[in-house]
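Novice:
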Amino acid sequence: MTITVKFFASLREQVGKTETQIEFSDSLTVNKIWQQVTANKVLPKHILVAVNQEYASQDTTVKEGDEVAFFPPVTGG
Amino acid sequence: MNDSQLLRYSRQILLPQIDVSGQQQLLNSKVLIIGVGGLGSPVSMYLATSGIGHLVLVDFDQVDLSNLQRQILYDTTQIGQEKIVAAKHKLQLLNPEIQITAINQQFDKKFADDLFNQVDVVVDCSDNFATRFALNATCVRLGVPLISGAALRWEGQVSVFLLNQANSPCYNCLYNDCEQETETCNEVGILAPLVGIIGSIQALEVIKVLLNMGQSLAGKLLRFDAYNNKWHQASLKQDPTCPVCNNTKSV
Ligand SMILES: [Zn+2]
Numbered sequence: 001m002t003i004t005v006k007f008f009a010s011l012r013e014q015v016g017k018t019e020t021q022i023e024f025s026d027s028l029t030v031n032k033i034w035q036q037v038t039a040n041k042v043l044p045k046h047i048l049v050a051v052n053q054e055y056a057s058q059d060t061t062v063k064e065g066d067e068v069a070f071f072p073p074v075t076g077g
Numbered sequence: 078m079n080d081s082q083l084l085r086y087s088r089q090i091l092l093p094q095i096d097v098s099g100q101q102q103l104l105n106s107k108v109l110i111i112g113v114g115g116l117g118s119p120v121s122m123y124l125a126t127s128g129i130g131h132l133v134l135v136d137f138d139q140v141d142l143s144n145l146q147r148q149i150l151y152d153t154t155q156i157g158q159e160k161i162v163a164a165k166h167k168l169q170l171l172n173p174e175i176q177i178t179a180i181n182q183q184f185d186k187k188f189a190d191d192l193f194n195q196v197d198v199v200v201d202c203s204d205n206f207a208t209r210f211a212l213n214a215t216c217v218r219l220g221v222p223l224i225s226g227a228a229l230r231w232e233g234q235v236s237v238f239l240l241n242q243a244n245s246p247c248y249n250c251l252y253n254d255c256e257q258e259t260e261t262c263n264e265v266g267i268l269a270p271l272v273g274i275i276g277s278i279q280a281l282e283v284i285k286v287l288l289n290m291g292q293s294l295a296g297k298l299l300r301f302d303a304y305n306n307k308w309h310q311a312s313l314k315q316d317p318t319c320p321v322c323n324n325t326k327s328v
């Protein structure tokens, strides 16, 4: 199965990627995907995740063809 | 409305969705703005000139030289003044016909509920998680719509939480359990036009929520990556495990 992973704004520099495709055989959670693309870093709680344009939690399971997007926290004003 | 008001607001009264009745509704509205900095500047200025009848401003800071790059409510002659005093002065010049209440206080959990019971909409223009969570909790508890905006570096976001309606998500559904503090504009920087864009979207959403018209950002979070010119909008549902908004709504 293939899914698309996207990084938004300053996460692009932090992770060093804008967009990547990953291949996998078992079912994967959002959390596992983050670990796979960041060489096993822990997914920080304040990073938002959207699966197919809908906000999701870290334990959401993704499926073939899904798009997973990660967003850095923004709190300034 | 008198002739001078009809002329002042004529360009938006021309819009068939607004008309005289919509303008009258705006004049009868009361909006609470928490924070008059980078976001609070465009929010308060546009809401003042649009004729929101009563604005309540809350801030505790003084105008600093480093604010002037983006906090367009203030000018060089006002450095050192209480923001709330300088803001009220400028806004009354922009529109002397509206009422402005300025509260020189930091918003926290102990802040009085009375104020929230008297306003139609609350606008979050604060700059840290602690204030945002406290403000969200109060708006959830009292059922007041919250227009939330944030900006940092080259990125910003806006969302609308219609907390007067059942099953609305809240700010805590978005950043569940997020107690750690993240960066501030003072530490990592912020681009001036970005707060203008995000604050202007907040002001626009306030008007739509007050008039109950159009497609608002309720149930959605809009993100803007200014550096890469990417807009992203995703839908947001109430988190069934959110400790802030769940129990209050089912009672
Ligand atoms: Zn919630």
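These protein sequences, in sequence, are chains R and V.
Under my numbering, the first residue of the first sequence carries the number 1, and numbering increases by one thereafter.
Under my numbering, the first residue of the second sequence carries the number 78, and numbering increases by one thereafter.
Ideal Cβ placement from N, Cα and C applies to all residues, glycine included.
Computed from a prediction, not measured in an experiment: that's the story for all the values here.
1. Based on the DSSP output, what are the partners of Trp-308/V in its beta bridges?
2. Secondary structure at Ile-129/V, three-state DSSP: helix, strand or coil?
3. With distances taken Cα to Cα, identify the nearest neighbour of Met-1/R among Gln-53/R, Ile-22/R, Glu-13/R, Val-74/R.
4. So, does the segment 138 to 151 of chain V touch the segment 89 to 102 of chain V, judging by three or more C-beta pairs under 8 Å?
5. Please specify which runs of the alpha helix (DSSP H), each continuous and at least 4 residues long, are wholly inside the segment 209 to 251 of chain V, giving them in chain order.
6. Do we get a CB-CB distance below 8 Å when we pair Glu-54/R with the residues of chain V?
7. Sorry if obvious, but does the Cβ on Pro-270/V come closer than 7 Å to a heavy atom of ligand 1?
8. Is Tyr-249/V near ligand 1 - that is, is its Cβ less than 7 Å away from at least one heavy atom of it?
9. Could you name the residues of chain V that Asp-65/R contacts, counting a contact when the two beta carbons are closer than 7 Å?
10. Less than 8 Å between the C-beta atoms of Leu-298/V and Gln-242/V, yes or no?
11. Please classify Ala-39/R as buried or exposed, where buried requires at least 16 neighbouring CB atoms within 10 angstroms.
12. Should the segment 175 to 182 of chain V be called in touch with the segment 199 to 217 of chain V, which here means at least 3 C-beta pairs below 8 Å?
13. Could you pull the start and end residues of the alpha helix (DSSP H) that Lys-165/V belongs to?
14. Taking only beta carbons into account, state which residues of the segment 202 to 220 of chain V come closer than 8 Å to chain R, listed in chain order.
15. Look up Met-1/R in the DSSP assignment and say whether it is helix, strand or coil.
16. When you measure from the CB of Val-200/V to every non-hydrogen atom of ligand 1, does any distance come out below 7 Å?
17. Using C-beta distances below 6 Å, list every residue in its chain close to Gln-148/V, excluding the 5 sequence neighbours before and after it, in chain order.
18. Is the CB-CB distance between Ile-129/V and Leu-92/V below 8 Å?
19. Whose C-beta lies closer than 6 Å to the C-beta of Thr-4/R among residues of the same chain, with five residues either side of it excluded?
20. Please list the partners that Trp-231/V has in chain R, where partner means a Cβ-to-Cβ separation under 9 Å.
21. Got a sec: which bits of the segment 121 to 141 of chain V sit with their beta carbon under 8 Å from any beta carbon on chain R, in order along the chain?
22. Any beta-carbon of chain V closer than 8 Å to the one on Gly-77/R?
23. Say yes only if the C-beta of Cys-319/V is nearer than 7 Å to one or more non-hydrogen atoms of ligand 1, and no if none qualify.
24. I want to know whether the segment 266 to 285 of chain V touches the segment 216 to 230 of chain V - three or more CB-CB distances under 8 Å.
25. Between which two residues does the beta strand (DSSP E) holding Ala-56/R run?
26. Along the chain, where does the beta strand (DSSP E) containing Lys-107/V start, and where does it finish?
27. Applying the criterion that 16 or more other CB atoms from any shown protein chain within 10 Å of the CB defines a buried residue, is Val-30/R buried or exposed?
28. So what's Ala-269/V in DSSP terms, helix, strand or just coil?
29. If you measure beta-carbon to beta-carbon, which residues of the segment 28 to 49 of chain R are closer than 9 Å to chain V?
Specialist: From the atom records:
1. Phe-301/V
2. In the structure shown, Ile-129/V sits in coil (DSSP, three-state: anything other than H, G, I, E or B).
3. Ile-22/R
4. no
5. 248 to 251
6. yes
7. no
8. Note that residue 249/V is Asn in the sequence shown here, rather than Tyr. The answer is yes for Asn-249/V.
9. It should be pointed out that residue 65/R corresponds to Gly in this sequence rather than to Asp. Residues of chain V passing the Cβ test: none, with the nearest at roughly 17 Å.
10. Cβ distance not < 8 Å, so Leu-298/V and Gln-242/V don't count as in contact.
11. Burial state of Ala-39/R is exposed, judged by a 10 Å Cβ sphere holding fewer than 16 other Cβ atoms.
12. no
13. 160 to 171
14. Hits within the stretch, in order: Cys-202, Ser-203, Asp-204, Asn-205, Phe-206, Arg-209.
15. Looking at Met-1/R - three-state DSSP - the assignment turns out to be coil, as it is neither helix nor strand.
16. no
17. Answer for Gln-148/V: Gly-114, Gly-115, Ser-118, listed in chain order.
18. no
19. Gln-21, Glu-67
20. Ala-9, Ser-10
21. none
22. yes
23. yes
24. yes
25. 54 to 56
26. 107 to 111
27. buried
28. In the structure shown, Ala-269/V falls within a helical segment according to DSSP collapsed to helix, strand and coil.
29. Pro-44, Lys-45, His-46, Leu-48
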